[in-house]
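K.L.:
Below you'll find the structure I mean.
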Amino acid sequence: MRIVFMGTPRFAELVLEELLQSDHEVVAVVTRPDAIRGRGKKLVSSPVKACAQRFDIPVLEYSSLKSEEVYQALISFHVEVFCVAAYGALLPKRILELPRFGCLNVHGSLLPRWRGAAPIERAILAGDHETGVGIMRMEEGLDTGDVACTAVVKIEQKTASDLSNELACVGGKCLVSVLDTLDSGTEIHWTEQSNEGITYADKLAKGELDIAPELTCKEALLRVQASSDNHPCRCEIAGRRLTILKACLASQDIAVPCGEISFSSKRLYLGFSDGVIELEIVKPDGKKTMEAKAFAAGIQGIKHGGITWSALNA
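According to the working numbering, the sequence shown holds residues 8 to 321 in order.
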């Protein structure tokens, strides 16, 4: 089948790679325009654009799909289906209705739970034990379409990035399976979403995953687990700002007052409202990623106690 693929981040890139290994033909890719990223303020292409360029696939870059220019460009490819994965913008009705088989979306949750932009992070933050991925037949509503080929994935201790990669790979295979079925002329069993259990995965706000002493240990650890380069988990220790990349519940019986730190047996601990967390891997602002004990070694007077930590700008 001739396909136009629409997507932007790493999740979409992995789905695209699965498509490119199939018998279907991706004739063009639509992605969000290059964006300024990082401390160097450099213009960076989306992962999907970079992937398409490696395979010499034409790339169209649009921040919105509402213009006549976009519509005419998509018509010109004469495709049978649009495949969408985390594109980053809504598709107008006339584009949804353009291809013969409509628009198929790879969505990273078990719909109707976690409709919206951040299903993976929201599933982790809610403490869900499992999530999944499915192929949704897109319509005008927000992730309200019928679903086929769902797959369940255990969350366990996976980070948001690891879980996203796993869901994308599984979702890509599901997408290829649905396309194969469409291409063969076999009828697909589409399942209407339930009206019960609907939840919405709002985009993460800036700083939403930062931690503070008044949180419970569970809440803090879920924020670390849900964090990523785009949405880091941050705090301030002894006046120094840092990003927490890996942490765990304190393995030994140690008491640390809420809002204070302790450095014992080469382990760095933070006191929370209901217990203690051990930091394992951190990245201080302006420095490289390091083990927490290396960061702690640079804090003067840390062995004497009484040193505090806080949320940013507390």
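All C-beta atoms in this analysis are idealised placements derived from N, C-alpha and C, irrespective of residue type, glycine included.
Let's test the definition: count the other Cβ atoms within 10 Å of the Cβ of F62 and tell me whether it reaches 16, buried, or not, exposed.
P.N.:
Here the question's residue 62 lines up with position 55 in the sequence shown. With fewer than 16 Cβ atoms within 10 Å of its Cβ, F62 is classed as exposed.
K.L.:
For a test of the three-state rule: what should DSSP assign to G178, helix, strand or coil?
P.N.:
In the sequence shown, residue 178 corresponds to position 171, counting from 1. If DSSP states are grouped into helix, strand and coil, G178 belongs with the helices.
K.L.:
Return yes when the Cβ of T15 is within less than 8 Å of the Cβ of A130, no when it is not.
P.N.:
Counted from its first residue, the sequence shown places residue 130 at position 123. Counted from its first residue, the sequence shown places residue 15 at position 8. No. Outside cutoff.
K.L.:
For a quick check, are the C-beta atoms of R39 and E68 less than 8 Å apart?
P.N.:
Looking up residue 39 in the sequence shown gives position 32. Looking up residue 68 in the sequence shown gives position 61. A contact, by the Cβ cut-off of 8 Å.
K.L.:
For V154, which option in A175, E199, G179 and K180 has the closest C-alpha, if you only look at C-alpha atoms?
P.N.:
Here the question's residue 154 lines up with position 147 in the sequence shown. If we check each option's Cα against that of V154, E199 comes out closest.
K.L.:
Which of helix, strand or coil does DSSP assign to L322?
P.N.:
A query on residue 322 cannot be resolved here, the shown segment of the chain reaching from 8 to 321 and no further.
K.L.:
In the DSSP output, which residue or residues are listed as bridge partners for T296?
P.N.:
Along the sequence shown, read from residue 1 onward, the residue named residue 296 stands at position 289. Note: T296 sits in no beta bridge, so no partner.
K.L.:
F62 by DSSP, collapsed to three states: which one?
P.N.:
On the sequence shown, residue 62 is found 55 positions in, with the first residue counted as 1. F62: coil per DSSP, three-state reduction.
K.L.:
If you check the beta carbons only, do G141 and T157 fall under 8 Å apart?
P.N.:
On the sequence shown, residue 141 is found 134 positions in, with the first residue counted as 1. On the sequence shown, residue 157 is found 150 positions in, with the first residue counted as 1. Yes; because the gap between Cβ atoms is below 8 Å, this pair is in contact.
K.L.:
Report yes or no: do the region 167-176 and the region 224-239 share at least 3 C-beta pairs separated by less than 8 Å?
P.N.:
Short answer: they touch.
K.L.:
Please list, in chain order, all residues of the same chain as E146 whose beta carbon is under 7 Å from its beta carbon, the five residues on each side excluded.
P.N.:
Working through the sequence shown from its first residue, we reach residue 146 at position 139. L103 and G152.
K.L.:
Please state whether DSSP places I244 in a helix, a strand or coil.
P.N.:
Here residue 244 is taken as the residue at index 237 of the sequence shown, counted from 1. In the structure shown, I244 sits in a strand (DSSP, three-state: E or B).
K.L.:
Please go through the same chain and pick out, in chain order, the residues whose beta-carbon is closer than 6 Å to the beta-carbon of A245, but skip the five residues on each side of it.
P.N.:
The residue you call residue 245 lines up with position 238 of the sequence shown. Counting only Cβ-Cβ distances below 6 Å, and skipping sequence neighbours, we find I306 and I314.
K.L.:
Going straight from the alpha carbon of A124 to that of L98, what length do you get?
P.N.:
Here residue 124 refers to the residue found at position 117 of the sequence shown. Here residue 98 refers to the residue found at position 91 of the sequence shown. Their backbone Cα atoms lie some 14 Å apart in a straight line.
K.L.:
Taking the alpha helix (DSSP H) that C156 belongs to, which residues open and close that run?
P.N.:
By one-based count along the sequence shown, residue 156 stands at place 149. Per DSSP, C156 belongs to no alpha helix (DSSP H); it is in the beta strand (DSSP E), V154 to K161.
K.L.:
Let's test the definition: count the other Cβ atoms within 10 Å of the Cβ of A175 and tell me whether it reaches 16, buried, or not, exposed.
P.N.:
Against the sequence shown, residue 175 aligns to sequence position 168. Its Cβ being crowded by 16 or more others within 10 Å, A175 is buried.
K.L.:
What residue from V113, G278, H85 and Q60 has the CA that sits closest to T223's CA?
P.N.:
Here residue 223 corresponds to residue number 216 of the sequence shown, with the count starting at 1. When each option's Cα is compared against that of T223, the closest is G278.
K.L.:
Return helix, strand or coil for V55, following the three-state DSSP convention.
P.N.:
Indexing the sequence shown from 1 puts residue 55 at position 48. Here V55 sits in helix by DSSP.
K.L.:
Looking only at its own chain, which residues have a Cβ that is under 6 Å from the Cβ of V159, when we skip the five neighbours before and after it?
P.N.:
As a working mapping, residue 159 is identified with position 152 in the sequence shown. Closer than 6 Å at Cβ, skipping near neighbours: E137 and G139.
K.L.:
Below 7 Å CB to CB, which residues in the same chain sit around I261 once its five sequence neighbours on both sides are set aside?
P.N.:
The count along the sequence shown starts at 1 and reaches residue 261 at position 254. Cβ within range, chain order: S269, S271, Y276 and V283.
K.L.:
Closer than 6 Å by C-beta to N320: which residues in its own chain qualify, once you throw out the five before and the five after it? Chain order, please.
P.N.:
Locating residue 320 in the sequence shown gives position 313, where the first residue counts as 1. Excluding sequence neighbours, N320 sits near nothing in its chain.
K.L.:
Looking at C-beta atoms only, is the number of pairs between the region 249-268 and the region 191-205 that lie closer than 8 Å three or more?
P.N.:
With a cut-off of 8 Å, the region 191-205 and the region 249-268 do not count as touching, because too few Cβ pairs lie within range.
K.L.:
Would you identify the three-state DSSP class for R107, choosing helix, strand or coil?
P.N.:
By one-based count along the sequence shown, residue 107 stands at place 100. Looking at R107 - three-state DSSP - the assignment turns out to be coil, as it is neither helix nor strand.
K.L.:
Note the first and the last residue of the continuous alpha helix (DSSP H) segment covering L228.
P.N.:
Within the sequence shown, the letter at position 221 stands for residue 228. C224 to A233 is the extent of the alpha helix (DSSP H) around L228.
K.L.:
Between the beta-carbon of V185 and the beta-carbon of L26, is there less than 8 Å?
P.N.:
Position 178 of the sequence shown, counted from the start, is the residue given in the question as residue 185. Position 19 of the sequence shown, counted from the start, is the residue given in the question as residue 26. No, Cβ-Cβ distance for V185 and L26 is not below 8 Å.
K.L.:
I think A219 touches A318, with their Cβ atoms under 8 Å apart; what is that distance to the nearest whole Å?
P.N.:
Here residue 219 is taken as the residue at index 212 of the sequence shown, counted from 1. Here residue 318 is taken as the residue at index 311 of the sequence shown, counted from 1. Rounded, the Cβ-Cβ distance is 4 Å, consistent with contact.
K.L.:
Using the Cβ count rule (16 or more neighbours within 10 Å means buried), how would you classify R107?
P.N.:
Counting from one through the sequence shown, the residue named residue 107 turns up at place 100. It counts as exposed.
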